[in-house]
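Engineer:
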Amino acid sequence: MTIDNLNIPTVALGTWAWGDSGEAGDGYFGSRLTRADLEGVADKAHAAGFTLWDTAAVYGMGRSEAVLGDVLKGYARSDYQLSTKFTPQAAGTGDDPMADMVEQSLARLGTDYIDLYWIHNPADVARWTPHLIPLLKSGKVKHVGVSNHNLSEIELANQILGEAGFRVEAIQNHYSLLYRSSEDAGILDYCRNQGIPFFAYMVLEQGALTGKYNPENPLPEGSSRAKTYNAMLPQLKALTDKLASIGQTQDAAVPDVATAWAIAKGATPIVGVTKPHYIDGLVRAGSITLTGDEIADLEALAGAANVNTRGWWEKEMQI
Ligand SMILES: NC(=O)c1ccc[n+]([C@@H]2O[C@H](COP(=O)([O-])OP(=O)(O)OC[C@H]3O[C@@H](n4cnc5c(N)ncnc54)[C@H](OP(=O)(O)O)[C@@H]3O)[C@@H](O)[C@H]2O)c1
């Protein structure tokens with residue numbers, strides 16, 4: 001049985017971009033991050049009290065987990081929480097591919113347990129969910145969640161775990177001002193009613209909702225995120241301008257307000273942190289109060305932008 005409660009922070013820290021190798025043309029983000037940069041991010045995050053780190057075995061095919069494990073070595077294991085994922089689409093061919101992937105993640109992260117383990121994407125829910133049970137029983141995994149599952153898949157996973165005395169303890173989906181499919185599909189309501197934390201990933205749409213990138217200063221050329229977002233940047237200007245003007249009234253910046261919007265909707269944002277000063281924005285996001293009118297204005301402008309930011313790995317959330 002699950003013995004300790006999962007501590008849910010205001011904001012969790014995302015490390016997908018940490019998997020980029022920095023080689024030209026490689027990686028999703030086109031980022032060039034050094035170990036020293038990331039140490040600075042980790043130190044600042046811990047000083048600010050943010051301690052839940054999200055990664056996945058497939059981010060940079062192990063690079064994100066390895067560098068995360070390395071930079072956290074200086075902290076006591078009880079001072080941080082690790083969230084990583086089993087990706088069915090990348091499963092090996094052994095008897096228990098999930099157990100194998102967990103062992104590889106544990107080795108790269110330099111630990112003997114994972115605080116929060118996810119099934120990254122739904123493949124065959126009835127096939128893969130039961131593999132979580134022995135991992136929970138052994139203590140290698142303390143808590144489990146499902147990511148990118150629609151409501152009926154979440155319910156099936158919950159039923160399978162429930163029969164063994166466990167439950168789906170967290171949901172993780174793409175959720176931002178520009179992409180509200182989990183809200184439309186009733187997943188946020190389901191989480192609220194069931195007391196399940198909803199983690200929102202890509203609340204900043206990989207940088208497109210930060211105001212930092214615009215047609216004059218597009219996302220890094222050759223990166224996957226540039227291919228998705230650069231053509232949309234002109235349509236996002238009215239929204240990022242509004243995020244900026246709301247921010248000005250509270251001494252906050254565009255990404256802080258976009259993050260605060262997700263918090264106001266009851267979500268726990270997982271924000272990709274690539275620079276130490278981005279942590280200051282997370283601190284500010286936690287103290288921003290948005291009025292009902294501000295939320296409505298932002299959502300109206302987001303709708304008017306008329307863009308579809310669904311990731312290639314995501315499917316429609318409606319059943
Ligand atoms: N379960 C899943 O399928 C799934 C899918 C996607 C993501 N995730 C998780 O969610 C996390 C977040 O998603 P993401 O990293 O893809 O995108 P994101 O959080 O929407 O955007 C991250 C990017 O926004 C920029 N940024 C962040 N804070 C900023 C600030 N304060 N000021 C200016 N720019 C800022 C950075 O770009 P620059 O580095 O260019 O400055 C950063 O790389 C991931 O790292 C991962 O852990 C999970």
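Numbering (UniProt numbering), first residue to last: 1 to 319.
Note that the Cβ used here is the ideal one computed from N, Cα and C, for glycine as well.
What do you reckon, is the C-beta of residue 344 under 7 Å from a heavy atom of ligand 1?
Structural biologist: Outside the shown range of the chain, which is 1 to 319, sits residue 344, and nothing can be said about it.
Engineer: Check for me: the beta strand (DSSP E) holding D115 runs from which residue to which?
Structural biologist: That run of the beta strand (DSSP E) goes 114-119.
Engineer: With a threshold of 6 Å on Cβ separation, who are the neighbours of A262 within its own chain once the five nearest residues in sequence on each side are excluded?
Structural biologist: Result list for A262: A200, V203, P269, in chain order.
Engineer: When DSSP labels each residue in this structure, what does A170 get in the three-state scheme?
Structural biologist: In the structure shown, A170 sits in a strand (DSSP, three-state: E or B).
Engineer: Grouping DSSP H, G and I as helix and E and B as strand, with all else coil, what is G207?
Structural biologist: If DSSP states are grouped into helix, strand and coil, G207 belongs with the helices.
Engineer: How should I3 be labelled, buried or exposed, when 16 other C-beta atoms within 10 angstroms of its C-beta is the threshold for buried?
Structural biologist: With a pLDDT of 43 at I3, under the threshold of 50, the modelled position of that residue is not reliable, and the figure given next carries that caveat. With fewer than 16 Cβ atoms within 10 Å of its Cβ, I3 is classed as exposed.
Engineer: Could you pull the DSSP bridge partners for L52 from this structure?
Structural biologist: For L52, which the question treats as bridged, DSSP gives the partners Q81.
Engineer: Comparing the CB of residue 320 with every heavy atom of ligand 1, is any distance shorter than 7 Å?
Structural biologist: Because the chain is modelled from 1 through 319, residue 320 falls outside the range shown and cannot be assessed.
Engineer: Do you know how far the Cα of N121 is from the Cα of M61?
Structural biologist: Answer to the nearest angstrom: the Cα atoms are 16 Å apart.
Engineer: Spell out a yes or no on whether the region 237-254 and the region 287-301 are touching, meaning 3 or more CB-CB pairs, one atom from each, closer than 8 Å.
Structural biologist: Taking 8 Å as the limit for Cβ pairs, the verdict is that the region 287-301 does touch the region 237-254.
Engineer: Would you identify the three-state DSSP class for S176, choosing helix, strand or coil?
Structural biologist: In this structure, S176 counts as strand in the three-state DSSP scheme.
Engineer: Could you name the residues of the same chain whose beta carbon sits closer than 8 Å to that of N7, not counting the 5 residues immediately before and after it, in chain order?
Structural biologist: Excluding residues within five positions, the ones whose Cβ falls inside 8 Å are L52, Q81.
Engineer: The alpha helix (DSSP H) with K237 in it runs from where to where?
Structural biologist: Where K237 is concerned, the enclosing alpha helix (DSSP H) stretches over 233-248.
Engineer: If distances are taken between C-alpha atoms only, which option among R35, F50, G74 comes closest to R63?
Structural biologist: Selected option, being the one with the closest Cα: R35.
Engineer: Any idea if Q206 is buried or exposed, counting beta-carbon neighbours within 10 angstroms, 16 or more meaning buried?
Structural biologist: Its Cβ being crowded by 16 or more others within 10 Å, Q206 is buried.
Engineer: Mark D251 as exposed unless 16 or more other C-beta atoms lie within 10 angstroms of its C-beta, in which case mark it buried.
Structural biologist: Flag for D251 reads exposed.
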